[in-house]
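*Asks:*
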Amino acid sequence: MGIIRLYEICPEAEKAGTQNAVVTGVTDNTAEVKQGSIFVCVKGARFDGHSAAAEMLSKGAVMIVTDHDIKCGKQLVTDNTRLCLARLLNSFYGKPSEKLGLLAVTGTNGKTTTAHFVKHILTTLGKKCGCVGTAGNDTCSGKLKPSQHGTPTVPRATVLYSWLGEMVSNGADYCVMEASSQALDQYRIGDERIAVAGFTNLTRDHLDYHGTMENYFQAKRRVFTMCKTAVINIDDEYGKRLAQEFSDIAVTYSAEGNADYHAEFIRMNATGCSYMLVNEREKTACRVDMNMTGLYNVQNSLCAIAMVTALGFDMTECAKALSDLDGVDGRMNVVYRGDFTVITDYAHTDDALIKVLSTLKPLTKGRLICVFGAAGDRDKEKRPMMAKAAEDNADILVITSDNPAHENPDEIIREVMTGISGKKPCRCITDRREAIAYALDIARKDDVIILCGKGHETYQIIGDEYLPFSEKEIVKDIMKRKEN
């Protein structure tokens, strides 16, 4: 990256009187400010960057971006500093958003799997595709950037745009990202032009942040004001709203009824599924075979195929590409198979629990044992709803800790228990490792144990600490001891 003058990335810099200054970085983090930085004042929940403006100038900032006049030198006032941050970062990194085909997947559940499907299809079709999301980030460097402890689905804008810049440098054609509601609400993705955006579903989650389901929906909705084509699940009530509102750009899909893309003759077993994919617009059809089971994965695959087809690729070739995909990290992964089976999954909402458990139940010859908990410092209202979902769809429940964070894990379990009617055997064990050991102890031939909530995570959040916690390794260790 050569010398960048302020006027090159911010024509409005003339107002601040520093248009010829050399820019070395753009940030909203006071710890990252150095000589030549543009400091963008963002008001967060705990800290208002405006209070540090004068100090940042003394550290060498060449311009301060604010949302009101704070009477300091080298100041640019804008209506939305978060949006301005994203625009400045995009310009600083050479406008990578204009050089990549951007795809976004939003929804409560299924984002990671669908994004993984999209990346796999494009890669199989010979395209370089970067990825940003919960289970890892790929800038096409040949090495995956794992999601760090505490890193949100979409990272801070300063990180995201540096990754987009890396993707362009590494020759990427496309980038698929999970567009979380918080990221959209906080303009981490700015107002970039997205080629295709996909919607999976919307169920209760993150209300500790959004307050109401309508606010949650409106945050998700924003991505469809930024895209050329909207691929929408009309099996979901919120999806039907979106399809009506964005009818001029909407492409619909369904695993349950008629849509632009819909599934017929669905067949499932314990290890995979197949169906006939019908494209009503083109009056074409093709067979889809996958090594993943569940109606929700039929929906996820429909979304992914429709998204890539919207880019101009052949639907049949997209469908074929999914046939050799073995699975997605942390999503219905078998970690032990013997007399009984142990599976891990990221399901951490009542809707996700219903989908996972209702998929496994008819495929389980013995008993379905569900080990789950609820995360701390998150929406408390969903805790009893998760309990009801588990009790309605599993045979035996083991309620334990998830990531208690700053809450008392026993109190979280008590709140979960308010949703239990008592119609199924239920045991509460606060220590998650002990809970897993208990489930393994009581398992009999042909039983299935599903460990819900952690999925791909290899840590447990207790207080401010991220303690090593790999369910795969824990199961492996316990079973090794039992077998010896």
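Going by my numbering, the sequence shown wraps up at 498, each residue one higher than the last.
Glycine residues also receive a C-beta, built at the ideal position from the N, C-alpha and C atoms.
#1: Tell me which residues share the same chain as Lys273 and place their Cβ nearer than 8 Å to its Cβ, disregarding the 5 neighbours each side in the sequence.
#2: Pull up the distance between the alpha-carbon of Glu112 and that of Tyr188, whole angstroms please.
#3: Considering only residues of the stretch 118 to 177, which uninterrupted beta strand (DSSP E) runs meet the minimum length of 3 residues and lie entirely inside it, listed in chain order?
#4: Report, in whole angstroms, the separation of the C-beta atoms of Leu97 and Ile52, which I expect to be a contact under 8 Å.
#5: Just grab the DSSP bridge partners of Gly39 for me.
#6: Pick from Ile263, Leu367, Lys125 and Asp93: whose alpha carbon is nearest that of Asp83?
#7: What does a CB cutoff of less than 6 Å around Ser484 pick up in its chain, not counting 5 residues either side in sequence?
#8: Does DSSP put Gly74 in a helix, in a strand, or in coil?
#9: Between Asn314 and Thr243, which are expected to be in contact by the criterion C-beta below 8 Å, what is the C-beta distance as a whole number of angstroms?
#10: Output the distance between the C-alpha atoms of Arg301 and Arg281, rounded to the nearest integer angstrom.
#11: Name, in chain order, the residues that DSSP records as bridge partners for Gln474.
#12: So does the stretch 419 to 427 actually touch the stretch 342 to 360, counting three or more Cβ pairs closer than 8 Å?
#13: Classify Glu487 as helix, strand or coil using the three-state DSSP reduction.
#14: Note down, in chain order, each residue of its chain lying with its Cβ closer than 7 Å to the Cβ of Phe106, except the 5 sequence neighbours on either side.
#15: Among all the DSSP beta bridges, which residues are the ones paired with Ala499?
#16: When the distance is taken between beta carbons, is Ser415 closer than 9 Å to Arg441?
#17: Which of the three DSSP states is assigned to Ser337 in this structure?
#18: Check this for me: beta carbons of Arg381 and Tyr360, under 9 Å apart or not?
#19: What are the start and end residues of the alpha helix (DSSP H) that includes Leu367?
#20: Check whether the stretch 176 to 187 touches the stretch 146 to 154, counting contact only when three or more Cβ pairs, one atom from each stretch, lie closer than 8 Å.
#21: Counting C-beta neighbours from all protein chains within 10 Å, is the total for Asn34 16 or more, i.e. buried, or is it exposed?
#22: For Asp303, which residues does DSSP report across the bridge?
#23: Do the CB positions of Lys5 and Val349 come within less than 9 Å of each other?
#24: My understanding is that Ala7 touches Val119, with C-beta atoms under 8 Å, so please give their C-beta distance in whole angstroms.
#25: Does the count of Cβ pairs from the stretch 306 to 324 and the stretch 275 to 291 closer than 8 Å reach three?
#26: Check the C-beta distance from Ala7 over to Ile463 and give it rounded, since I have them as a contact under 8 Å.
#27: Select from Met227, Val79, Glu251 and Thr373 the residue whose C-alpha is nearest the C-alpha of Gly308.
#28: Taking Cys332 as the reference, give the member of Leu139, Arg392, Thr95 and Lys396 with the closest Cα.
#29: His420 lies in the beta strand (DSSP E); which residues open and close that run?
#30: Taking the beta carbon of His130 as the centre, do at least 16 other beta carbons fall within 10 Å, making it buried, or is it exposed?
#31: On the three-state DSSP scale, how would you describe Ile500?
*Replies:* A quick look at the data gives this:
#1: For clarity, residue 273 is Ala in the given sequence; the question names Lys instead. Excluding residues within five positions, the ones whose Cβ falls inside 8 Å are Ile248, Thr266, Tyr267 and Glu294.
#2: Within the model, the alpha-carbon separation for Glu112 versus Tyr188 is close to 11 Å.
#3: Correct list: 143 to 146.
#4: Leu97 to Ile52, Cβ: 14 Å. No contact.
#5: DSSP, once it has assigned bridges, lists Ser51 as partnering Gly39.
#6: Residue Asp93 is the option with its Cα nearest to Asp83.
#7: Scanning its chain for C-beta atoms nearer than 6 Å, with the 5 sequence neighbours on each side dropped, one finds around Ser484 the residues Thr472, in chain order.
#8: Of the three classes helix, strand and coil, the one that applies to Gly74 here is coil, per DSSP.
#9: Separation of the CB atoms of Asn314 and Thr243 is rounded to 18 Å, and the pair is thereby denied contact status at 8 Å.
#10: About 11 Å.
#11: For Gln474, the pairing in a beta bridge is given by DSSP as Leu481.
#12: With the cut-off at 8 Å, the stretch 419 to 427 and the stretch 342 to 360 do not touch.
#13: Three-state result, Glu487: helix.
#14: Around Phe106: Ile18, Ile23, Val37 and Val40.
#15: Only positions 15 to 498 of the chain appear in this structure, which leaves residue 499 out of reach.
#16: With respect to Ser415, Arg441 sits apart: the two C-beta atoms are not nearer than 9 Å.
#17: Three-state result, Ser337: helix.
#18: No, they are not a contact pair.
#19: For Leu367, the uninterrupted alpha helix (DSSP H) run begins and ends at Asp364 to Leu374, by DSSP.
#20: Yes, since at least three Cβ pairs between the stretch 176 to 187 and the stretch 146 to 154 fall closer than 8 Å, the two stretches touch.
#21: Result: exposed.
#22: The partner list for Asp303 (beta bridge, DSSP) reads Ser288.
#23: Because the chain here runs from 15 to 498, residue 5 falls outside it and cannot be looked at.
#24: Residue 7 lies beyond the residue range present for the chain, which begins at 15 and ends at 498; the question has no answer from this structure.
#25: The stretch 306 to 324 is in contact with the stretch 275 to 291.
#26: Since the first and last residues shown for the chain are 15 and 498, residue 7 lies out of range.
#27: With distances taken between CA atoms, Gly308 lies nearest to Thr373 out of Met227, Val79, Glu251 and Thr373.
#28: Per the Cα distances, Leu139.
#29: Per DSSP, His420 belongs to no beta strand (DSSP E) and is neither H nor E.
#30: Buried: at least 16 other Cβ atoms inside 10 Å.
#31: Only positions 15 to 498 of the chain appear in this structure, which leaves residue 500 out of reach.
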